[in-house]
Structure formats: structure tokens, C-alpha cells
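K.L.:
Okay, here's the structure, questions in a sec.
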Amino acid sequence: MTRRMSAIVITLAWLFLTGSASAQTVTGTILGTVTDESRAVLPGVTATITSPALPGGPQTVATAANGTYRFAGLAPGTYTLTLSIEGFGTYSEELRVVTGATVERNVSLKLSQLGLVIDRATCVDNMRRILEPARQHEFFVRIDMESSAYTEVTLEVVETLWNLEYRNIGVVLQSCLYRTERDLRKMNEMGARVRLVKGAYREPASVAYQQKEDVDAAYLRQMRLLIDHGTYPAFATHDVALLDQIKSYAAERELARDKYEFQMLYGIRRDLQASYVADGYRMRVYVPFGREWYPYFMRRLGERPANVWFVIRAILGEKR
Ligand SMILES: Cc1cc2nc3c(=O)[nH]c(=O)nc-3n(C[C@H](O)[C@H](O)[C@H](O)COP(=O)(O)OP(=O)(O)OC[C@H]3O[C@@H](n4cnc5c(N)ncnc54)[C@H](O)[C@@H]3O)c2cc1C
19 MTRRMSAIVI TLAWLFLTGS ASAQTVTGTI LGTVTDESRA VLPGVTATIT
69 SPALPGGPQT VATAANGTYR FAGLAPGTYT LTLSIEGFGT YSEELRVVTG
119 ATVERNVSLK LSQLGLVIDR ATCVDNMRRI LEPARQHEFF VRIDMESSAY
169 TEVTLEVVET LWNLEYRNIG VVLQSCLYRT ERDLRKMNEM GARVRLVKGA
219 YREPASVAYQ QKEDVDAAYL RQMRLLIDHG TYPAFATHDV ALLDQIKSYA
269 AERELARDKY EFQMLYGIRR DLQASYVADG YRMRVYVPFG REWYPYFMRR
319 LGERPANVWF VIRAILGEKR
């Protein structure tokens with residue numbers, strides 16, 4: 019019987035700077051992981067790419083012990099990737115390495131999953147183990163913000179890492195919290211990148227605005243502070259009224275469209291995501307990734323059961 023395999027494939031293209039603007043070349047990478055039907059990784063699979071863009075003819079590699087393969091230094095063009103191994107069917111896919119698509123590698127992490135609930139020092143140590151290779155491979159690491167019980171300690175960890183000269187980190191601030199304006203001014207002074215969100219956690223009136231109008235008004239005040247004094251701010255919201263005001267204010271302040279970005283959740287308001295990109299805005303999509311998706315999903319529901327209705331409404335609300 020022939021078993022089936024599947025592959026997660028990523029194509030990346032970026033500008034490779036070699037000293038002067040005239041010496042820029044674009045190269046791309048095709049990389050991925052091969053697994054069987056039970057999601058177990060498959061080492062020793064023959065991965066081959068063919069393309070008219072390959073002057074030396076097809077290239078072949080075998081997947082490593084963790085099921086991964088990688089083809090680097092590729093010219094822009096269309097490639098056919100074929101994966102084969104005895105006992106499995108052959109998997110084939112057409113891929114494009116595109117020019118002009120520069121990708122900044124970017125991950126988001128939650129400190130409660132990295133030792134923060136044990137103690138701060140453990141968490142800083144764990145973060146350093148992530149930030150070192152991330153720095154080497156030019157990844158930007160965003161530290162998500164959790165409930166207000168963690169705000170202070172999360173910002174302390176960020177500051178500690180910043181003082182240890184890690185500059186490839188950024189933080190998230192929640193407009194619903196009274197303290198955010200103060201935190202935001204501090205991050206602006208440090209030069210740390212901020213993602214501004216409304217806040218996903220149910221918080222008491224002692225620390226947070228309770229009415230949507232107040233949360234939205236705070237978001238707009240903080241948005242202005244970020245546009246005027248922030249470092250490459252990120253505005254993570256699907257609220258069209260807020261999005262319109264962010265775009266207007268950035269235009270009024272003559273902040274170029276590549277000096278800030280919008281962020282949305284994977285699958286939510288895909289119509290807006292596409293139209294913003296078509297209009298020349300930067301849009302980053304937040305994709306939960308990994309095998310532990312079920313506990314993540316249940317935690318998000320526990321934080322805010324209204325998310326179920328959000329998903330349904332957002333899909334029904336799409337304009338295509
Ligand atoms: C990229 C990204 C990263 C985030 N990181 C954090 C973080 O680190 N910490 C944190 O506390 N919060 C985070 N959030 C969540 C954020 O705080 C809000 O809870 C969430 O974005 C919903 O608020 P909104 O700004 O979209 O506006 P809302 O007024 O809540 O929503 C506007 C409209 O957007 C749609 N919508 C919003 N959220 C969803 C959803 N989940 N599913 C389906 N439709 C939806 C609905 O149509 C809704 O009517 C993040 C959000 C995004 C997009």
C-alpha cells in the first residue's frame with residue numbers, strides 16, 4: 019500500500035545587500051518540512067527542484083533528520099518541487115520565488131509559556147536562548163502582552179533584554195489599560211517597537227476602561243503618540259473606524275506607508291488584508307503555529323468567549 023506524505027513549504031525572497039545600492043541582488047529560498055499522515059517527520063526524502071531559472075539544471079537534496087529541506091540562493095522564477103521516497107506517493111507542487119517581496123522574519127511569543135510564571139530570571143535566560151539565534155538569522159521577536167497580572171513583569175523583562183543590547187525585540191501594549199500611555203512613552207523613549215492592540219483579556223475597572231468608546235478613544239490617543247514619536251509602530255486591529263483614522267493621521271503627519279504596519283489575525287477580514295496590501299500598506303498576518311494548537315485555542319476562548327462570535331461575524335462581514 020502506498021502511504022501519503024504532505025509538506026509545509028515556504029518560499030522567501032529578500033534583498034541581499036552587497037555594499038552599495040547598485041550591487042543589490044534578489045535571491046530566494048525554498049524551504050519546508052515533510053511529514054507523513056500522522057504528522058511524523060520524514061528524513062531521507064528526495065527533494066528536487068526544477069526550473070528554467072536554474073542555469074545548472076535540477077537541484078536535489080535529502081531531507082534532514084527533522085524532515086526539513088532547503089534550497090537557497092535561487093533566482094526569481096517558477097519552480098517545480100517534487101518530493102519522493104520509497105513506500106510513499108510522489109508529492110509535487112509549483113512555487114514562485116517573487117522579486118520585490120522582502121520578508122522580515124517575525125515571531126511572537128508569550129512569556130507565560132517561557133518561564134515567567136516560575137521566575138523572572140528563568141524567563142530572561144530562556145529569552146536569551148531564543149534571541150541569540152534570532153539575532154543571527156535576523157528574526158524580529160515580538161513579546162505578546164497577556165493579562166494585567168503580567169504587564170509589569172513583562173515590561174521589566176523587555177527592559178532587561180533591551181539593556182542587554184537585544185534590539186530585535188518589541189512589545190505589545192493594550193489600549194484598554196489606564197497605565198498604557200505611560201508605558202508607551204517609555205517604549206518610545208527607549209526606541210522599542212510597539213504593537214498597539216485593544217486588549218484581549220477581561221480586566222477589572224480598577225485597571226482598565228470598561229466601555230468600548232473609552233478603549234477606542236484611548237487607542238486613538240496612543241496611536242497618535244506612536245505615529246509622532248514611535249519606532250516602526252504596528253497597529254493590530256480589525257476595527258474599520260480605527261483603521262481609517264490611523265491611515266488619515268499617518269497621512270496628515272506624512273508618515274510613509276513603509277514606516278508603520280497593520281496587523282490582523284489569520285483568516286479575519288481577509289478582504290481588508292488584501293485591499294490594504296493593494297493600496298501599498300504593510301500588512302502582517304498573525305498565524306498561530308505549532309502542534310499545541312488545541313490548548314492555545316481553548317486558552318483564547320477562555321480569555322474571551324466572544325471570540326467565537328467574532329470569527330463568525332468577521333467571515334460573514336467579508337466583502338467578497
Ligand atoms: C496581530 C494581533 C496580535 C494581537 N496580540 C495581542 C496581544 O499580544 N495581547 C492582547 O491582549 N491582545 C492581542 N490581540 C487581540 C486584541 O487585543 C483584540 O482583542 C482583537 O484584535 C480584537 O479587537 P479589534 O481591535 O480587532 O476590535 P474589535 O472592536 O474587538 O473588533 C472589530 C471587529 O473585528 C472583528 N474581529 C475582531 N477580533 C476578532 C477575532 N478574534 N475573530 C474574528 N473577528 C474578529 C469583528 O468583526 C469585530 O466586530 C492581537 C490582535 C491582533 C490582530
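Positions 19 to 338 (our numbering) are the ones given, in order, by the sequence shown.
Beta carbons are placed, not taken as given, at the ideal position from N, Cα and C, and that holds for glycine.
What you are looking at is a predicted structure, and each value in this text was computed from that prediction instead of being measured.
State the CB to CB distance for the pair LEU113 and LEU99, rounded to an integer number of angstroms; the pair is presumed to be in contact (CB under 8 Å).
P.N.:
Right, their Cβ atoms sit about 6 Å apart.
K.L.:
When DSSP labels each residue in this structure, what does GLN77 get in the three-state scheme?
P.N.:
Reduced to three states, the DSSP call for GLN77 is strand.
K.L.:
When we look at the beta-carbon of GLU221 and count the other beta-carbons within 10 Å, is it buried (16 or more) or exposed?
P.N.:
Buried: at least 16 other Cβ atoms inside 10 Å.
K.L.:
One question on the structure: do THR53 and GLY85 come within less than 8 Å of each other, judged by their Cβ atoms?
P.N.:
Yes, these two residues count as a Cβ contact at 8 Å.
K.L.:
What does the Cβ neighbour count give for GLU279, buried or exposed, with the cut at 16 atoms within 10 Å?
P.N.:
With 16 or more other Cβ atoms within 10 Å, it is buried.
K.L.:
Report yes if the CB atom of GLN281 is closer than 8 Å to the CB atom of ALA259, and no otherwise.
P.N.:
Contact flag unset, no.
K.L.:
Do GLN240 and ligand 1 come close, with the Cβ less than 7 Å from some heavy atom?
P.N.:
No, ligand 1 has no heavy atom inside 7 Å of this Cβ.
K.L.:
Classify SER40 as helix, strand or coil using the three-state DSSP reduction.
P.N.:
Confidence in SER40 is poor, its pLDDT being 35 and thus under 50, which makes the residue's placement unreliable; the coordinate value appears in the next sentence. Reduced to three states, the DSSP call for SER40 is helix.
K.L.:
Please classify PRO251 as buried or exposed, where buried requires at least 16 neighbouring CB atoms within 10 angstroms.
P.N.:
Buried, by the Cβ-count rule.
K.L.:
Count the CB pairs spanning the stretch 224–238 and the stretch 172–191 that are closer than 8 Å, and state whether there are at least three.
P.N.:
Short answer: they don't touch.
K.L.:
Pick out the complete alpha helix (DSSP H) segments inside the stretch 133–188, 4 residues or longer, and give them in chain order.
P.N.:
138–154, 169–181, all fully within the stretch 133–188.
K.L.:
Figure out for me which residue from ASP201, ALA274, LEU49, ALA292 has the closest Cα to the Cα of ALA90.
P.N.:
Checked all of ASP201, ALA274, LEU49, ALA292; the closest Cα to ALA90 is LEU49.
K.L.:
State the DSSP-derived secondary structure class of SER293, mapped to helix, strand or coil.
P.N.:
Helix.
K.L.:
Taking DSSP as the reference, what is the three-state secondary structure of THR198?
P.N.:
Correct three-state label for THR198: helix.
K.L.:
Out of PHE157, TYR168, CYS194, point me to the one whose CA is closest to TYR184's CA.
P.N.:
With distances taken between Cα atoms, TYR184 lies closest to PHE157.
K.L.:
Using only the alpha-carbon positions, how far apart do SER40 and SER166 sit?
P.N.:
For SER40, the predicted structure reports a pLDDT of 35, less than 50, and the residue's modelled location is therefore unreliable. The matter cannot be settled from this model.
K.L.:
Using the three-state DSSP reduction, which class does TRP32 fall into: helix, strand or coil?
P.N.:
Since pLDDT at TRP32 reaches only 41, below the 50 mark, its modelled position is unreliable, and no value is offered.
K.L.:
Buried or exposed: which applies to GLN154, given that a residue is buried once 16 or more other Cβ atoms fall within 10 Å of its Cβ?
P.N.:
Per the 10 Å Cβ criterion, exposed.
K.L.:
Relative to the C-alpha of ALA268, which candidate in TYR168, VAL171, LEU244, LEU214 has its C-alpha closest?
P.N.:
Looking at the Cα atoms, LEU244 is the closest of the given residues.
K.L.:
Below 8 Å between beta carbons: does that hold for VAL233 and VAL215?
P.N.:
No.
K.L.:
Only counting the same chain, and skipping five residues up and downstream in sequence, which positions put a Cβ closer than 6 Å to that of THR66?
P.N.:
Correct list, in chain order: PRO76, THR78, THR100.
K.L.:
For VAL233, report the span of its alpha helix (DSSP H) as first-last.
P.N.:
Taken as a continuous stretch (DSSP letters only), the alpha helix (DSSP H) holding VAL233 covers 230–247.
K.L.:
At the 8 Å Cβ level, is MET301 part of the contact set with chain D, yes or no?
P.N.:
This model lacks chain D altogether, as it is built from one protein chain only.
K.L.:
If you check the beta carbons only, do GLY188 and ARG213 fall under 8 Å apart?
P.N.:
Going by C-beta atoms, GLY188 is nearer than 8 Å to ARG213.
K.L.:
Could you tell me whether the Cβ atoms of VAL115 and TYR87 are closer together than 8 Å?
P.N.:
No, they are not a contact pair.
K.L.:
When every heavy atom of ligand 1 is checked, does at least one fall within less than 7 Å of the C-beta of LEU283?
P.N.:
Result yes, Cβ under 7 Å from ligand 1.
K.L.:
What does GLN131 pair with, by DSSP beta-bridge criteria?
P.N.:
BP columns for GLN131 are empty, so no partner.
K.L.:
Give me the DSSP bridge partner(s) of LEU214.
P.N.:
Paired residues: LEU191, PHE253.
K.L.:
Does ligand 3 have even one heavy atom less than 7 Å from the beta-carbon of ARG211?
P.N.:
Ligands displayed in this structure: ligand 1; ligand 3 is not among them.
K.L.:
Are there 16 or more other CB atoms within 10 angstroms of the CB of SER266, so buried, or fewer, so exposed?
P.N.:
Exposed is the call here.
K.L.:
How many Å lie between MET241 and ASN144 at the Cα?
P.N.:
Whole-angstrom Cα-Cα distance: 31 Å.
K.L.:
Here's the rule I'm using: 16 or more other beta-carbon atoms within 10 Å means buried, otherwise exposed. How should ALA236 be labelled?
P.N.:
ALA236 should be labelled buried.
K.L.:
In whole angstroms, what separates the C-alpha of ALA210 from that of THR47?
P.N.:
Between ALA210 and THR47, the C-alpha separation is close to 29 Å.
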